[in-house]
Amino acid sequence: MLPFALCAAPAAFATPQDLQDRATEPPPPSETPLPDDPDQIQFSADTAEYDTNSDVVTVKGDVRMFREGNRLRADEVVWNRKTGQVVASGGIAVTNPEGDTAFGDRIELTDSLKDGVIENMLVVLEQGGRLAAQRGTRNQGGVITVDRAAYTPCAVVDSDNCPKEPSWKITAVRVVYDPARERIRYTGARISLFGIASLPLPVFSHSIGGGNASGLLAPDIRYDAVNGFEVALPYFFNLGPNRDLTVKPHLFSGALPMLEGEYRHLLDKGAFRVAGFATYSSRADDFLVAPSGVADENRFRGYVDATGRYQFDPYWRASGSIRLASDRTFLRRYDITSEDRLRNNLRLERIDRDSYFAVNGWAVQTLRLTENQGLQPIALPEIDYRRRFGQDLLPGGRFELQLNSLALSRSAGQDTQRAFASLRYDLRKLTAWGQELTLTAYARGDLYNTQDTLATSVPSYRGLEGFQARGIGALAVDVKWPLIGEAFGGVQRITPRFQIVAAPRIENLDVPNEDARSVDLEDSNLFALNRFPGYDRFEDSTRFTFGIDYALYLPGFSIEANIGQSYRLSSRPSLLPDGTGLTDRVSDIVGRNVVRYRDFLTFNHRYRLDKDSLAIRRNEIDAVVGSRTTYAMIGYLRLNRNIPFALEDLQDREEARVGGRVQVARFWSVFGSAVIDLTDREEDPASLNNGFEPVRHRLGVEYEDDCIRFGLTWKRDYQTVGDARRGNSYLLTLALTNLGR
Numbered sequence: 007m008l009p010f011a012l013c014a015a016p017a018a019f020a021t022p023q024d025l026q027d028r029a030t031e032p033p034p035p036s037e038t039p040l041p042d043d044p045d046q047i048q049f050s051a052d053t054a055e056y057d058t059n060s061d062v063v064t065v066k067g068d069v070r071m072f073r074e075g076n077r078l079r080a081d082e083v084v085w086n087r088k089t090g091q092v093v094a095s096g097g098i099a100v101t102n103p104e105g106d107t108a109f110g111d112r113i114e115l116t117d118s119l120k121d122g123v124i125e126n127m128l129v130v131l132e133q134g135g136r137l138a139a140q141r142g143t144r145n146q147g148g149v150i151t152v153d154r155a156a157y158t159p160c161a162v163v164d165s166d167n168c169p170k171e172p173s174w175k176i177t178a179v180r181v182v183y184d185p186a187r188e189r190i191r192y193t194g195a196r197i198s199l200f201g202i203a204s205l206p207l208p209v210f211s212h213s214i215g216g217g218n219a220s221g222l223l224a225p226d227i228r229y230d231a232v233n234g235f236e237v238a239l240p241y242f243f244n245l246g247p248n249r250d251l252t253v254k255p256h257l258f259s260g261a262l263p264m265l266e267g268e269y270r271h272l273l274d275k276g277a278f279r280v281a282g283f284a285t286y287s288s289r290a291d292d293f294l295v296a297p298s299g300v301a302d303e304n305r306f307r308g309y310v311d312a313t314g315r316y317q318f319d320p321y322w323r324a325s326g327s328i329r330l331a332s333d334r335t336f337l338r339r340y341d342i343t344s345e346d347r348l349r350n351n352l353r354l355e356r357i358d359r360d361s362y363f364a365v366n367g368w369a370v371q372t373l374r375l376t377e378n379q380g381l382q383p384i385a386l387p388e389i390d391y392r393r394r395f396g397q398d399l400l401p402g403g404r405f406e407l408q409l410n411s412l413a414l415s416r417s418a419g420q421d422t423q424r425a426f427a428s429l430r431y432d433l434r435k436l437t438a439w440g441q442e443l444t445l446t447a448y449a450r451g452d453l454y455n456t457q458d459t460l461a462t463s464v465p466s467y468r469g470l471e472g473f474q475a476r477g478i479g480a481l482a483v484d485v486k487w488p489l490i491g492e493a494f495g496g497v498q499r500i501t502p503r504f505q506i507v508a509a510p511r512i513e514n515l516d517v518p519n520e521d522a523r524s525v526d527l528e529d530s531n532l533f534a535l536n537r538f539p540g541y542d543r544f545e546d547s548t549r550f551t552f553g554i555d556y557a558l559y560l561p562g563f564s565i566e567a568n569i570g571q572s573y574r575l576s577s578r579p580s581l582l583p584d585g586t587g588l589t590d591r592v593s594d595i596v597g598r599n600v601v602r603y604r605d606f607l608t609f610n611h612r613y614r615l616d617k618d619s620l621a622i623r624r625n626e627i628d629a630v631v632g633s634r635t636t637y638a639m640i641g642y643l644r645l646n647r648n649i650p651f652a653l654e655d656l657q658d659r660e661e662a663r664v665g666g667r668v669q670v671a672r673f674w675s676v677f678g679s680a681v682i683d684l685t686d687r688e689e690d691p692a693s694l695n696n697g698f699e700p701v702r703h704r705l706g707v708e709y710e711d712d713c714i715r716f717g718l719t720w721k722r723d724y725q726t727v728g729d730a731r732r733g734n735s736y737l738l739t740l741a742l743t744n745l746g747r
């Protein structure tokens with residue numbers, strides 16, 4: 007709204023009325039019970055006079071009157087019992103049952119105290135906000151109509167309780183407030199920001215309550231290098247207390263219009279949401295060089311995003327997420343999301359205290375220009391059942407049974423069907439010296455069926471064609487010895503840990519690898535029974551794993567750290583790829599450090615050191631420092647593992663992420679963020695980067711107080727992906743309390 011605002015034209019009517027608080031305090035509830043007869047009025051005053059000839063009652067001095075939840079306070083009240091007219095004057099305050107309070111210099115009421123006329127009126131609304139006018143009337147339905155009025159939901163005093171101009175207000179020739187609908191309607195209105203006259207609003211209304219109401223929402227104003235100037239003006243339809251619809255047209259100076267919509271529905275036992283974008287345009291016109299196969303005629307382009315969940319009973323529930331795009335560049339071009347894959351899932355689950363059952367369906371749409379959609383898997387169905395039992399056989403012991411099946415299909419790639427059954431037993435004991443001892447036994451039987459294995463480019467991922475069976479077994483002993491005591495004015499814990507895992511040789515390469523490709527030694531899986539993710543690969547042979555956990559807790563300050571390594575007895579070549587830290591008999595060294603200081607600092611560092619040279623193979627830092635209003639976030643990741651280039655799931659990367667916000671004044675702040683690709687050819691032979699390639703950045707300034715928020719954001723993308731070209735974009739935001747929120 008700001009580009010059309012700040013016109014500084016004077017209002018066409020009198021100066022808005024005073025929105026400041028009045029000296030009179032609102033009338034408190036009656037200290038004694040009200041009369042049972044609703045026609046009776048309870049009152050108190052310093053003096054009372056009764057004129058028997060004219061049947062007029064005059065009460066003076068801190069007058070208080072009560073009737074059916076309506077309360078009045080004034081210096082003097084004259085009540086004509088013949089006409090029913092009540093005239094109050096001097097320090098008037100009237101409160102209705104809803105909690106709204108009206109102040110004035112003079113008020114004429116009926117003897118019901120529900121309707122009347124107020125001079126120099128101020129209404130302080132229970133829902134928030136205040137309405138001032140030269141003159142106002144209220145009828146028996148509670149509807150207030152005022153002339154020459156002003157409304158604001160903002161504070162009218164500063165932090166020192168001194169009067170101040172509200173951040174924004176609306177002035178109008180006439181205002182109607184309906185408390186039953188919690189809505190205010192204006193005629194001849196104009197909205198002002200910080201006392202400067204701005205956009206005229208001839209006919210206008212908005213909600214003041216906590217509920218939803220149909221109407222226009224705050225607009226989005228943006229400019230970017232691809233679509234040009236953009237204006238989006240959403241309209242909200244309140245279809246009921248549990249459902250709504252938002253329709254948002256987008257108009258561009260450099261592209262055809264686009265329509266956005268979102269429908270939300272809350273059910274008795276669930277909820278669902280459907281959102282979508284649609285436009286009709288030519289993709290070829292948007293490419294610098296149109297790729298082959300891209301039609302240059304106009305065609306539909308869009309995106310749908312739907313989520314839902316339904317709880318049938320305390321145990322059974324269904325959920326789903328559907329995300330589909332018409333083409334691979336639509337989402338990035340219109341800055342909807344920068345994701346490069348869209349995952350779709352449908353799920354039916356049953357959960358109780360000791361069992362879990364789920365039927366899943368998965369599908370993935372790739373948005374990468376270099377990937378073949380036909381190689382993306384469709385998982386339908388995935389069936390998983392787990393049950394815990396045997397807790398009463400031995401104290402500290404528990405069995406867990408798992409049954410799982412999965413069918414993966416690809417239109418232009420390898421198809422795999424898998425089923426397995428496993429049984430695991432864990433026994434946890436505490437010794438007399440305080441050691442925690444855990445014994446684990448694991449057995450599993452697998453059955454695979456694979457077709458079109460040659461369509462998979464990496465031989466170690468293929469498996470053998472046809473049906474294959476596999477048996478897996480493992481035994482493990484895990485010992486922890488926590489040593490706890492006072493240190494440095496706090497509590498210190500040192501926990502040595504040792505684990506032995508024994509598993510027979512397993513023919514892993516006979517079956518395909520679909521879900522265990524991204525393997526890497528980390529502190530999170532160092533002591534895992536199987537350090538492969540997923541089920542298609544299982545780590546065999548016998549290994550010893552040793553490490554130590556450390557923690558120090560001081561008032562407002564804590565340090566947590568761990569470090570560990572493993573040793574494998576077998577000397578035969580490992581199934582694990584070179585560079586994962588697990589290839590040789592002695593593994594790399596992994597660890598993690600976490601430092602926290604109150605709510606001011608959180609520092610998390612994860613690392614992996616080469617066992618021979620102590621070179622850093624993984625270096626990951628995430629830190630947040632500052633307060634809620636001024637803070638900085640730093641993220642850094644470097645993977646220097648020298649893994650063969652063919653294993654695309656394990657390629658080396660180096661990236662830095664920074665962000666922060668600085669409060670430069672009470673209501674003003676500046677913010678920014680950036681993502682920088684630091685990968686070079688040494689880390690990725692296919693990379694064209696020079697080791698410092700910005701991906702995107704964002705810088706902005708924002709003002710936010712109790713009832714207004716506006717800001718300007720500059721965003722720049724440094725990468726061109728199809729018709730989502732690199733360039734700058736600018737976003738103007740404006741949000742007013744009770745208007746479009």
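For the sequence shown, position 209 matches number 215 in the numbering used here, and the numbering has no gaps at all. Where a beta carbon is used, it is the ideal one built from N, C-alpha and C, also for glycine. All of these numbers come straight from a predicted model, not from anything done at the bench.
Quick one: measure Cβ to Cβ for Glu104 and Pro185, integer angstroms, because I've assumed they're closer than 8 angstroms. 5 angstroms
Report all residues from its chain with a CB closer than 6 angstroms to the CB of Tyr467; omit the five preceding and five following residues, and keep chain order. Asn519
Compute the distance between the beta-carbons of Gly135 and Ile214, then report whether it is under 8 angstroms. yes
In this structure, how does DSSP classify Asn167 when only helix, strand and coil are distinguished? coil
For Phe10 and Asn304, I'd like the C-alpha separation in whole angstroms. Note on Phe10: pLDDT 28, under 50, position unreliable in the model; the coordinate value appears next. So the alpha carbons of these two residues sit roughly 33 angstroms apart.
For the segment 536-619, list the beta strand (DSSP E) runs that are entirely contained and at least 3 residues long, ordered along the chain. 547-560, 563-574, 595-603, 607-615
Burial state of Leu25, where buried means 16 or more other Cβ atoms lie within 10 Å: buried
How do the segment 482-502 and the segment 457-465 stand: do at least 3 beta-carbon pairs fall below 8 angstroms, yes or no? The segment 482-502 makes no contact with the segment 457-465, as fewer than three CB pairs between them are under 8 angstroms.
Tell me whether Lys175 is buried or exposed, calling it buried when 16 or more other Cβ atoms sit within 10 Å of its Cβ. buried
Short of 6 angstroms in beta carbon distance, which residues of its chain neighbour Gly308, apart from the five on each side in sequence? Order them along the chain. Phe283, Ala284, Ser332
How would you label Gly477, buried or exposed, when you count the other beta carbons within 10 angstroms and need 16 or more for buried? exposed
Whole angstroms is fine: what's the gap from Ser95's alpha carbon to Arg79's? 9 angstroms
If you reduce the DSSP assignment to three classes, tell me which class Gly380 lands in. When DSSP states are grouped into helix, strand and coil, Gly380 belongs to the helix group.
Roughly how many whole angstroms lie between the Cα atoms of Trp322 and Ile357? Distance between the alpha carbons of Trp322 and Ile357: 7 angstroms.
Start-to-end residues for the beta strand (DSSP E) that takes in Arg154: 150-158
Any contact of the segment 621-634 with the segment 541-559, i.e. 3+ C-beta pairs under 8 angstroms? no
Out of Pro320, Ser287, Ile342, which has the shortest C-alpha to C-alpha gap to Asp311? Taking the Cα of Asp311 as reference, the smallest distance to any Cα among Pro320, Ser287, Ile342 is reached at Ile342.
Phe210, buried or exposed, once every other Cβ within 10 Å from all chains shown has been counted against 16: It counts as buried.
If you drop the 5 nearest sequence neighbours on each side, which residues of the same chain put their C-beta closer than 6 angstroms to that of Asn86? Val62
Taking 8 angstroms as the threshold, find out whether the segment 552-565 comes into contact with the segment 588-603 through three or more Cβ pairs. yes
Inspect the beta-carbon positions of Glu708 and Phe677 and report whether they are closer than 8 angstroms. With contacts defined as CB atoms closer than 8 angstroms, Glu708 and Phe677 qualify as a contacting pair.
Alpha carbons only, please: which of Gln379, Gly67, Arg574 is nearest the one belonging to Ile506? Arg574
Roughly how many angstroms separate the alpha carbons of Leu581 and Leu262, rounded to a whole number? Here the C-alpha atom of Leu581 lies approximately 54 angstroms from the C-alpha atom of Leu262.
Do you know offhand how far Arg612's Cα is from Asp529's? The alpha-carbon separation between Arg612 and Asp529 amounts to approximately 8 angstroms.
Pair every Cβ in the segment 410-426 with every Cβ in the segment 378-396, then say whether three or more of these pairs are closer than 8 angstroms. yes
Just list the residues that DSSP pairs Asp250 with in beta bridges. Asn244, Arg270
Any 3 or more C-beta pairs closer than 8 angstroms across the segment 345-352 and the segment 360-375: yes
Which runs of the beta strand (DSSP E) at least 3 residues long sit entirely within the segment 34-65? Give them in chain order. With a minimum length of 3 residues, the continuous beta strand (DSSP E) runs that stay inside the segment 34-65 are 48-50, 53-57.
Between His703, Ser679, Ser675, which lies nearest to Asp711 when the distance is taken from Cα to Cα? Measuring from the Cα of Asp711, the nearest candidate turns out to be Ser675.
For Trp720, the residue or residues it bridges with in DSSP: According to DSSP, Trp720 shares a beta bridge with Leu705, Tyr736.
List the endpoints of the continuous beta strand (DSSP E) containing Arg667. Counting along the chain, the beta strand (DSSP E) containing Arg667 begins and ends at 660-669.
Figure out for me which residue from Pro401, Gly597, Asn536 has the closest Cα to the Cα of Arg549. Asn536
Supposed close pair Arg450, Ala475 - CB separation, criterion 8 angstroms: Arg450 to Ala475, Cβ: 12 angstroms. No contact.
For Val84, which residues from the same chain have a beta carbon less than 7 angstroms from its beta carbon, with the 5 sequence-adjacent residues on both sides left out? Val62, Thr64, Val93
Between which two residues does the beta strand (DSSP E) holding Leu400 run? Taken as a continuous stretch (DSSP letters only), Leu400 belongs to no beta strand (DSSP E), as it is neither H nor E.
Report the residue from Ala447, Val517, Thr107, Tyr183 whose alpha carbon sits nearest the alpha carbon of Tyr454. Val517
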